[in-house]
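Each step along the sequence shown adds one to the number in my numbering, with nothing skipped, and position 139 is 125. Glycine residues also receive a C-beta, built at the ideal position from the N, C-alpha and C atoms. Notes follow once the structure below has been shown.
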Amino acid sequence: MNDMRLRPKSDYLQTATWEQLYVLSEHWRTDMGFYLDELKFFQKLINKYFLWLAKEENIVKAEAISVDVKKATQEAKWLEEAITTHMRHISDLLKNAFSRDAAEFREEHGLLEDKMVDFTKLFRKLKGEVFAVTEYIMETEDLPERMPYKTRS
C-alpha cells in the first residue's frame, strides 16, 4: 500500500517541500482525470454492448460490471475533489507557513496518497474485468453483423 511513498526517497513525505508536494498532488489530479476518462469509456463500451445482449447470463455480467464502473467513477470524483482541496491547503501553506499544522497536513497527505494507491489498484483490476467481460460477451453472443467492434470468425 505504501508503493507511492518510496519515491524518490523513503522519508519523502516528511522532507518534501510544499512545492514538491504540490507538484505530486498535481500529478495525482492529472491521473484522476485520466481515470475518469477511462471509466467514461468503459461505461460507454458496456452500454453499447448491453443494447445487443440476448443471453440472460451476459445481461447479468454487464449489469454487474456497470455497477462496479459507476462505483469506481464515484470514488474517482471524490478523490479528484479531495486532491483539489488538498492542493488549496498546500497553496495556503505556501502563502503562510503557519496557516496549518505541518505535521497534521503531512499526515493528511499520506492518507490521500494511500487512497490514491488503493484506487489505482482497484482501477487496474476493474479495467481487466471490463475487458474480460466485454470479450466474453463478444464471443458468446450472436451479435449482428452491423455491431460495432464485432470480431470476424
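Shown here, Asn82 sits in coil according to DSSP, grouped into three states, outside any helix or strand. C-alpha of Arg74 to C-alpha of Ile51: approximately 35 Å in a straight line. Excluding the 5 residues flanking it on each side, Arg15 has same chain C-beta neighbours closer than 6 Å at Ile69, in chain order. In the DSSP annotation of this structure, the continuous segment of the alpha helix (DSSP H) that includes Leu(-1) starts and ends at Tyr(-2) to Thr1. When rounded, the separation of the alpha-carbon atoms in Lys111 and Ala58 is 11 Å. The shortest CA-to-CA distance from Ser77 to any of Asp104, Glu5, Gln29 and Asp(-3) is the one to Glu5. CA-CA distance, Met18 to Ala62, rounds to 6 Å.
Under the DSSP assignment, Leu25 falls in the alpha helix (DSSP H) whose first and last residues are Trp4 to Phe36. Per DSSP, Glu127 lies in no alpha helix (DSSP H) and is assigned neither H nor E.
With a 10 Å radius around the Cβ and a threshold of 16 neighbouring Cβ atoms, Thr71 comes out exposed.
The criterion of a C-beta distance shorter than 9 Å is satisfied by Val119 and Lys47. By the beta-carbon neighbour count (other beta carbons within 10 angstroms, threshold 16), Val9 is exposed. In the structure shown, Lys101 adopts helical secondary structure according to DSSP, grouped into three states. The three-state reading of DSSP puts Lys41 in coil, since its state is none of H, G, I, E or B.
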